[in-house]
Structure formats: structure tokens, C-alpha cells
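Trainee:
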Amino acid sequence: MAEIRLRSILRKELLPLAQRILQISHLPLAVYDVQGNLLVGETFETEADRYAIAVGEETLGWVQGGAEAAPLASLLSDLALRAVEKKTLANEVLDRYREINLLYNIAAKLTHCREVSTVATVALEEAQRLIYGTSAVLMLLNPETQVLDLQLMVGDPAVTEPKTSLGEGIAGYVAKTGISEIVNDVAADVRYGEVVPGIRSLLCAPMKALDRVIGVISIHHSELFTYTAADLKLLTAIALQSAPAIENALFYQRQMEAARQREAKLQEQLQELRIEVDEAKRASQVAEITESDFFVRLRQKAKDLRQRR
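Written as C-alpha cells, this is what we have:
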């Protein structure tokens, strides 16, 4: 719970109630914020007991006075807790709405992507727009070699290897386990090995299609940076949303390549057929000439001339 949030609750939601109670009761009480600033009531000239207005382990302020100070502090603490829970619930609903809206927007952008490079570009652009980082990488898993191949990298051009074996390094570990990772200091992680210039902190999320990992998305920071669970949740959502689009793009590319191969084969067959047709046509033309009356008479004359000699 942030201190500014608690101060806001005390001043905006509890203070009007405390003022009303003191006006009605005329009790010798005073309410202070956590810094000791008087909010309502009068300063006591003599030392008096004070009771904390608190939510959990966080103190919002104090109620000072006689025996009536304790129940007032308890009442204000209960009301503060309810206010915090209400705001927390509202924030959770807002976060869920933002997450749904995020997934909808990404899905809308990915709908018309027909190439893997286009999907990768959209995914990394969205990741960097929502999560601060100095570089980002998308790698795809080759099912035959079990190696992560670099598909797209933005930011520092020297932050990652072009290939990573499954299970090696943090990216390889995430691809193998299918579990997202936060590493806020790569130098302290034994899986990372030699620290690459340009990467000190990172997030890495698996791209899954039908519970099968097809790649990973990583966000990096060149300095030590504290990434949060909320950051990882966003990156995981982007990775999961992008994976089916990658699968569709790969399928589309395979279909297009198969179509190109079929077209090339057909062109080759057509060329062979043209050659056969041309040869048959030439043979037919030669036959027509050699079997004509003129050619028969000419051949006979040539024979007669040879006999006279």
C-alpha cells in the first residue's frame, strides 16, 4: 500500500467524518496525519494518549485525547480498511478491463498478419509500448533441431545470440519449462552464463500454441531495473496472444511455399509438353512434305539422274 494512497484516504474520506463526530460530540480529541500535522481538533497543551489510525501495518495518522480517542481511532481504522479494499477492488477491475482491452487490440492488429515477420514486429512493438526496456527479442523454436532461432530483435543490435539451444540460458529454460521468468539481475543468475553487454535485467515469456511452446519473447534493460509481476503478466499475455498468429503465419507460409513448388513443377511439366508438342509438330510437318506429290516427283527425278550417271 503506497503511503500517498493512505494519506489520500485519511484526508479525503475519513477527515470529513472525524470533523462531524467532533462537532457533534464536543469531545476533547485531535486527529493528526502520520507526519504529525493537525488535521482536526485542537492541539493538546498537556501530554495525552494517542492511538493509531492504521490499515494492516501501515499507519495513516493518530487520534489524541482521553478515553474516547481509542474507539474513534478504531472506527477510523475500520473505515480506512473498507476504503482501501474498495479502491483495491476497483483497481483490480480496471486492470482486468485494461488487460482485456489490450488483448482485443493486439488480436485486432494480428488478424490480418500473414507473415511471421509482421507478427513478430507487432508483438515486440506492443511489448515495448507497454513495458519499458532498451531492447526486445522474439525467438522461434525449431522443432527439428530443438534450437531457438532469432526471428526479430529491436533495440541494441548486440544483445543476444542468433541461436539458443533448448534448456540453455534463461530463454532456453523458459522455452523448455513453459514458465515465464523475471530476472532483475542477470549477473546473479547461474543460468545466464556470461553477461552480455546490453542486458542487465530481463523478462522472458513463452509463446504457446495448444500447450506447445513455439518460441519466446524477451524484454531487456541495459541497466539494473526492477521489473514487476504486472510487467511479466503483460508480456505473458502478449506472448500467448501472438503464438496462434505465429502458427497461422507459419502455416500460411508453408502453404504458399507448397503452392510455389506445385506451380514450378507445373511450369516444368508444361515446358516438357511444349517440347514434345513441338517435336511432334515438326515430325508431322516433315511427313507432310516428304509425302507430298511434289516431293515424290522430285525424289524420282533425283533417282533417275543418279541412274543415268
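Counted from 1, the sequence shown has number 728 at position 38 by this note's numbering; the numbering is strictly sequential.
C-beta atoms are modelled at their ideal positions from N, C-alpha and C, and glycine is treated no differently.
From a predicted model like this one, the values you see are computed outputs, not experimental measurements.
(1) I'd like the span of the alpha helix (DSSP H) that includes P649, first residue to last.
(2) Is the beta carbon of I821 sitting closer than 8 Å to the one on L893?
(3) With a 10 Å radius around its C-beta and 16 neighbouring C-beta atoms as the bar for buried, classify T854 as buried or exposed.
(4) Closest to L838 by CA distance: which of G905, Q959, T926, D921 is it?
(5) For the segment 907–925 against the segment 941–953, do three or more pairs of beta-carbon atoms, one drawn from each stretch, fall closer than 8 Å, so that the two count as touching?
(6) Return the first residue and the last residue of the alpha helix (DSSP H) that G859 is part of.
(7) Could you tell me which residues DSSP puts in a beta bridge with T749?
(8) Just to confirm before moving on: does the CB-CB distance between A929 and P896 stay below 8 Å?
(9) Counting pairs of Cβ atoms below 8 Å between the segment 827–845 and the segment 947–964, do you hit three or more?
(10) Is I936 buried or exposed, if buried means 16 or more other CB atoms sit within 10 Å of its CB?
(11) When you compare only the Cα positions, how much space is there between K991 and S982?
(12) Would L940 pass as an interface residue toward chain D - the criterion being a Cβ-Cβ separation below 8 Å?
(13) Residues bridged to V837 by DSSP?
(14) In whole angstroms, give me the CA-to-CA distance for Q754 and V774.
(15) T835: which of R819, L704, L856 sits nearest, CA to CA?
(16) Which class does Q754 belong to by DSSP, given the choice of helix, strand or coil?
(17) In terms of residues, what are the limits of the alpha helix (DSSP H) holding A877?
(18) Do Y722 and L729 have their C-beta atoms closer together than 8 Å?
(19) According to the neighbour-count rule (16 or more other Cβ atoms, all chains shown, within 10 Å of its Cβ), is R890 buried or exposed?
(20) Classify G862: buried if its beta carbon has 16 or more other beta carbons within 10 angstroms, exposed otherwise.
(21) Could you please give the first and the last residue of the uninterrupted alpha helix (DSSP H) stretch that includes S807?
(22) Taking its Cβ as the centre, do 16 or more other Cβ atoms sit within 10 Å of A878, making it buried, or is it exposed?
(23) Just the C-alpha distance for A708 and K777, rounded to the nearest angstrom, thanks.
Mentor: Let me spell this out:
(1) Since the displayed the chain opens at 691 and closes at 999, residue 649 lies outside it and no answer follows.
(2) Contact annotation: I821 and L893 have beta-carbon atoms nearer than 8 Å.
(3) With 16 or more other Cβ atoms within 10 Å, it is buried.
(4) Ranking G905, Q959, T926, D921 by Cα distance to L838 puts G905 first.
(5) Contact between the segment 907–925 and the segment 941–953 is absent, because fewer than three Cβ pairs lie under 8 Å.
(6) Boundaries of the alpha helix (DSSP H) harbouring G859: 859–867, taken from the DSSP string.
(7) Here T749 is bridged, per DSSP, to A744.
(8) For A929 and P896, yes; Cβs fall inside 8 Å.
(9) Output reads no: the segment 947–964 does not touch the segment 827–845.
(10) The residue in question, I936, is buried, as its Cβ has 16 or more Cβ neighbours within 10 Å.
(11) Each residue's Cα considered, the two are about 14 Å apart.
(12) Looking for chain D here will not work: only one protein chain is present.
(13) Answer by DSSP bridge pairing, in chain order: N832, S855.
(14) Their Cα atoms are separated by approximately 23 Å.
(15) That would be L856, whose Cα lies nearest to the Cα of T835.
(16) In the three-state reduction of the DSSP assignment, Q754 falls in the strand class, which pools E and B.
(17) A877: not part of any alpha helix (DSSP H); DSSP gives it neither H nor E.
(18) Between Y722 and L729, the CB-CB gap stays under 8 Å.
(19) Answer is buried; the Cβ neighbour count reaches 16.
(20) By the neighbour-count rule (16 or more Cβ atoms within 10 Å), G862 is buried.
(21) Its alpha helix (DSSP H) spans residues 806–820.
(22) Flag for A878 reads exposed.
(23) Each residue's alpha carbon lies about 20 Å from the other.
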